[in-house]
Amino acid sequence: MKVYEKNKLKNINNIEINKEPKQMLTDINQHFLFNTLNSILSLCRENSEEARKVILELSSYLRFKFDATDGIVFLHKEIECIKSYLYIQKVRFDHRLNIVYDIQGDVNFLIPKNSIYNLIENAIIHGILKKNHGGTITFMVAIKCEKIVIKVKDDGVGMEDVQIRRLFKDESGGSISTLNSQYKELYNAEVEVVSKFNMGTCITLYIPIENIKYE
């Protein structure tokens, strides 16, 4: 897809921000970083080739996180970061984490940085890993019925209806309330959250193709 270049976009819902290096560090889960380094250390003794692969994925992850550009990125860049993150988590948690990708490769446009990544991270930390046996996360990007559909689904602990309502009203800027306001402003998109306690959560973003900004 052709889209406006970044320099043609102006202050989209206050998404474009310049970050100092110290501020960017807050975007990285320090526990994730330390645990990854420990995993690499262990793999160096047991499987040096796997250790090398994890280092490469961590490098890709950090490159995305430390990118000091504005607050919008192309979807493909965010997907690369997500895949690096999930690869590392899979190495760490093994059978407790299963990953399913269903990504249509030609879908690419500008999105708020970390907006989809945050959904993935929350699905693992607050959904799947809350169960002793773990579970499966499904990440889908596709075009259906004149809409771009982005879906993050897990079979983790799930939520009650009251928790879902709180997510949309979270005045502290939680991932769902932020996602909803950003994509509503950008593309008049809809965010759907379906969840059942002890069964899992599915978050779907519906973006009308006609609202994607073309050159």
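To convert, note that position 68 of the sequence shown is 68 in the UniProt record's numbering; the numbers rise steadily by one, no gaps.
C-beta atoms are modelled at their ideal positions from N, C-alpha and C, and glycine is treated no differently.
What you are looking at is a predicted structure, and each value in this text was computed from that prediction instead of being measured.
Return the bridge partner residues of D154 from the DSSP annotation. I137, T201.
Reference H133; option with closest CA among Y61, Y117, G156: G156
Nearest by alpha-carbon distance to E146: which of N211, I164, K83, K90 is it? N211
Which of the three DSSP states, helix, strand or coil, is assigned to F109? coil
Beta carbon of E192 nearer than 7 Å to that of T204: yes
Could you round the C-beta distance between G71 and K113 to whole angstroms and report it? I think they count as a contact, below 8 Å. Their Cβ separation, rounded to whole angstroms, is 5 Å, which keeps G71 and K113 in contact under 8 Å.
In terms of alpha-carbon separation, which member of V100, E46, G200 lies closest to L129? G200
Check whether chain B comes within 7 Å of M199, counting only Cβ atoms and requiring the distance to be less than that. In the displayed structure, chain B is absent; only one protein chain is listed.
To the nearest angstrom, how far is it from the Cα of S181 to the Cα of R92? When rounded, the distance between both Cα atoms is 34 Å.
Which ranges does the alpha helix (DSSP H) cover as unbroken runs of at least 4 residues, wholly within the segment 45-125, from first to last along the chain? 48-65, 75-93, 115-122
Assuming I55 and V107 make a contact with CB atoms under 8 Å, what is their CB distance in whole Å? Between V107 and I55 the Cβ distance is about 30 Å, and since that is not below 8 Å, they are no contact.
Taking DSSP's pairing of strands, which residues face E190 in a bridge? Y206
According to DSSP, is I28 part of a helix, a strand, or is it coil? Here I28 sits in coil by DSSP.
Roughly how many whole angstroms lie between the Cα atoms of P21 and I125? Here the model assigns P21 a pLDDT of 44, short of 50, so the residue's position is not dependable and the matter cannot be decided.
Alpha carbon to alpha carbon, how far is E50 from Y187? Give it in angstroms, no decimals. Y187 and E50: Cα-Cα distance of roughly 41 Å.
Three-way DSSP call (helix, strand, coil) for I164 in this model: helix
Rounded separation between D170 and C44 - CA only: 43 Å
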